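Start counting the sequence shown at 354; every next residue gets the next number (our numbering).
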Amino acid sequence: MTLSNTAPTAELQALDAAHHMHPFTANGALGAKGARIITRAKGVRLTDSDGAELIDGMAGLWCVNIGYGREELAEAAARQMRELPYYNTFFQTSHVPALTLAAKLAELAPGDLNHVFFACSGSEANDTNIRMVRQYWALKGQPARRTIIARHNGYHGSTMGGGSLGGMAGMHAQGGLPIPGIVHIDQPYWWGEGGEMTPEAFGLARARQLEEKILELGAENVAAFIAEPVQGAGGVIIPPDSYWPEIQRIVDKYGILLIADEVITGFGRLGHWFGSQSYGIRPHIMTIAKGLSSGYQPIGGSIVCDEVAHTIAQDEFNHGYTYSGHPVAAAVALENLRILEEEGIIARVRAEAAPYLAQAWGALADHPLVGEAVSRGMMASLALTPDKASRARFAAEAGTVGYIAREYSFGNNLVMRHVGDRLIIAPPLVISTDDMDALVARARKTLDQTHAHLQREGML
Ligand code: PMP
354 MTLSNTAPTA ELQALDAAHH MHPFTANGAL GAKGARIITR AKGVRLTDSD
404 GAELIDGMAG LWCVNIGYGR EELAEAAARQ MRELPYYNTF FQTSHVPALT
454 LAAKLAELAP GDLNHVFFAC SGSEANDTNI RMVRQYWALK GQPARRTIIA
504 RHNGYHGSTM GGGSLGGMAG MHAQGGLPIP GIVHIDQPYW WGEGGEMTPE
554 AFGLARARQL EEKILELGAE NVAAFIAEPV QGAGGVIIPP DSYWPEIQRI
604 VDKYGILLIA DEVITGFGRL GHWFGSQSYG IRPHIMTIAK GLSSGYQPIG
654 GSIVCDEVAH TIAQDEFNHG YTYSGHPVAA AVALENLRIL EEEGIIARVR
704 AEAAPYLAQA WGALADHPLV GEAVSRGMMA SLALTPDKAS RARFAAEAGT
754 VGYIAREYSF GNNLVMRHVG DRLIIAPPLV ISTDDMDALV ARARKTLDQT
804 HAHLQREGML
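Encoded structure:
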């Protein structure tokens, strides 16, 4: 069977429905409807098999930071494939792409985060982290320190480990998650859960749940706390400013390891190389993936501080992936980092793109369906509500209205995603101000259509 980008859509959809199991999808329903088939992309725009052009408000899955179609990355991959398409880094060997990328990441990462363990994805990297922090404490003579504290509605991947660290109820309901030794505290989601508290007071209260959990478990049993600087898949939940300083105080006080999951927030999304820098967080380990290669190749990893890496180095760490530090992926990542750096893309996010998005997106707050319109860097969200003042939820099951809006958005050739009744975007970092205007105009049209739909159906 040959690959055809030009076959009729219906034919491609039929093959897809017959043989392709999509992630996070009710495949029966999708098969009946037919998937939208994306055939090519350039800059911030996707083209589908019917020739329609969409603005990709999600940068793929939060990953195409430099935009689509950069020839330099294709060249880097082709060059590396010709020279050394594969070799491993097990058994006392190394290769130039992996060691160069590790050194580059050590240079870019803050503080003494100087060591990199490669994986192929964020999920795998978080599985590495679970094993690494437990092994660290075992080597420190404190093997009881095994429990990892994470958060409800956090997302850390879809493997047994990653899905367990995540706090997604829908995932925990399937397949026997979470694995033992992982517990969850509540998220700092003020709009949804803050009630009458001020955001500041609420942020402190949610951070202090970490201290309460540590005391409940006994600090001598706690290995680490893991969190995303800004929750992405949970709905672009931006924590109150009081949250992270209090978390940092608590992890410092009890001497537990802090893992910042930077899979989304790394590589410029919040206007710094890493989200930890945006929030002044000092993690011992950062999980990376996605923007590391702008999604052009599957690659992830853990950037690890001196203390943890030196301790782990005392013994054999019985862990690794065939494709850890894959040379083609590493070469592509290096080229992506070069572009991010030399083209000043992250500085532009900070100085121009993020402030522009904040204003343009923030203006959606005047819409009758919008409870909050917030952004941080180049990730943004809307909370949909039937009543702004009381921050009410819809009578319909959570996610019903979000899904309706998402469908209109797709119809308007804008890729937005819905998480429950929140609409979220995270466009390529290189998006122009004109394209941000176009994106927001399509989002407003989507809201108008959704509003009319809800009125028509008596759902408001
Ligand atoms: N951590 C975070 C914060 C993520 O957003 C994701 C993916 N959305 C992951 C981990 C998992 O990454 P992957 O899908 O590459 O396994």
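Even for Gly, the Cβ is constructed at its ideal location relative to N, Cα and C.
As the structure is a computational prediction, the values presented were derived from the model and not from experiment.
Item                                                                                                                                                                                         : Value
State the start and end residues of the unbroken beta strand (DSSP E) segment that holds residue 501.                                                                                        : 500 to 504
Report the start-end ranges of each beta strand (DSSP E) in the region 579 to 611 that is 3 residues or longer and not cut off at the edges.                                                 : none
Please work out which residues of its chain come closer than 6 Å, Cβ to Cβ, to residue 352, disregarding the five sequence neighbours upstream and downstream, and give them in chain order. : The chain is shown only over 354 to 813; residue 352 falls outside these bounds and no answer can be derived.
Compute the Euclidean distance between the alpha carbons of residue 641 and residue 699, then round it to the nearest angstrom.                                                              : 17 Å
Report the start-end ranges of each alpha helix (DSSP H) in the region 638 to 687 that is 4 residues or longer and not cut off at the edges.                                                 : 659 to 665
Compute the beta-carbon to beta-carbon distance between residue 451 and residue 678, rounded to the nearest angstrom, for a pair I have assumed lies under 8 Å.                              : 3 Å
Using only the alpha-carbon positions, how far apart do residue 720 and residue 800 sit?                                                                                                     : 8 Å
My assumption, with CB atoms under 8 Å, is that residue 479 sits in contact with residue 518. Please give the rounded CB distance.                                                           : 6 Å
Return the Cβ separation of residue 614 and residue 579 in integer angstroms, given the expectation that the two are a contact with Cβ distance under 8 Å.                                   : 6 Å
DSSP puts residue 726 in a beta bridge; with which residues?                                                                                                                                 : 735
When we look at the beta-carbon of residue 551 and count the other beta-carbons within 10 Å, is it buried (16 or more) or exposed?                                                           : exposed
Just the Cα atoms here: how many angstroms apart are residue 784 and residue 437?                                                                                                            : 34 Å
Would the region 770 to 786 and the region 730 to 739 be scored as touching if the rule is three or more Cβ pairs under 8 Å?                                                                 : yes
Among 759, 635, 786, 691, whose alpha-carbon lies nearest the alpha-carbon of residue 702?                                                                                                   : 786
I believe residue 495 touches residue 573 by the beta-carbon criterion, under 8 Å. Please report the beta-carbon distance rounded to the nearest angstrom.                                   : 7 Å
Would you list the residues sitting across from residue 395 in a DSSP beta bridge?                                                                                                           : 398
Comparing the CB of residue 508 with every heavy atom of the ligand PMP, is any distance shorter than 8 Å?                                                                                   : yes
Using the Cα positions of residue 379 and residue 411, report the straight-line distance between them to the nearest angstrom.                                                               : 21 Å
Counting C-beta neighbours from all protein chains within 10 Å, is the total for residue 593 16 or more, i.e. buried, or is it exposed?                                                      : buried
Start and end of the alpha helix (DSSP H) containing residue 788?                                                                                                                            : 786 to 809
Compare the beta carbon distance of residue 383 and residue 766 with 9 Å and say whether it is the shorter of the two.                                                                       : no
Going by C-alpha to C-alpha distance, which of 588, 566, 635, 422 sits closest to residue 770?                                                                                               : 588
Measure the C-alpha to C-alpha separation of residue 710 and residue 774 and round it to an integer number of angstroms.                                                                     : 21 Å
What residue does the beta strand (DSSP E) around residue 347 start on, and which one ends it?                                                                                               : Only positions 354 to 813 of the chain appear in the structure, and residue 347 is not among them; the question remains open.
Using 8 Å as the cut-off, classify the Cβ of residue 477 as near or not near the heavy atoms of the ligand PMP, replying yes or no.                                                          : yes
Considering only the beta carbon of each residue, do residue 460 and residue 688 sit closer than 9 Å?                                                                                        : no
Let me check understanding here. Comparing Cα to Cα, which of 543, 521, 548 lies closest to residue 537?                                                                                     : 521
Straight-line CA distance for residue 464 to residue 608?                                                                                                                                    : 17 Å
Quick one: what does DSSP say residue 744 is sitting in, helix, strand or coil?                                                                                                              : coil
Provide the residue(s) that pair with residue 623 in DSSP beta bridges, ordered along the chain.                                                                                             : DSSP, once it has assigned bridges, lists no residue as partnering residue 623.
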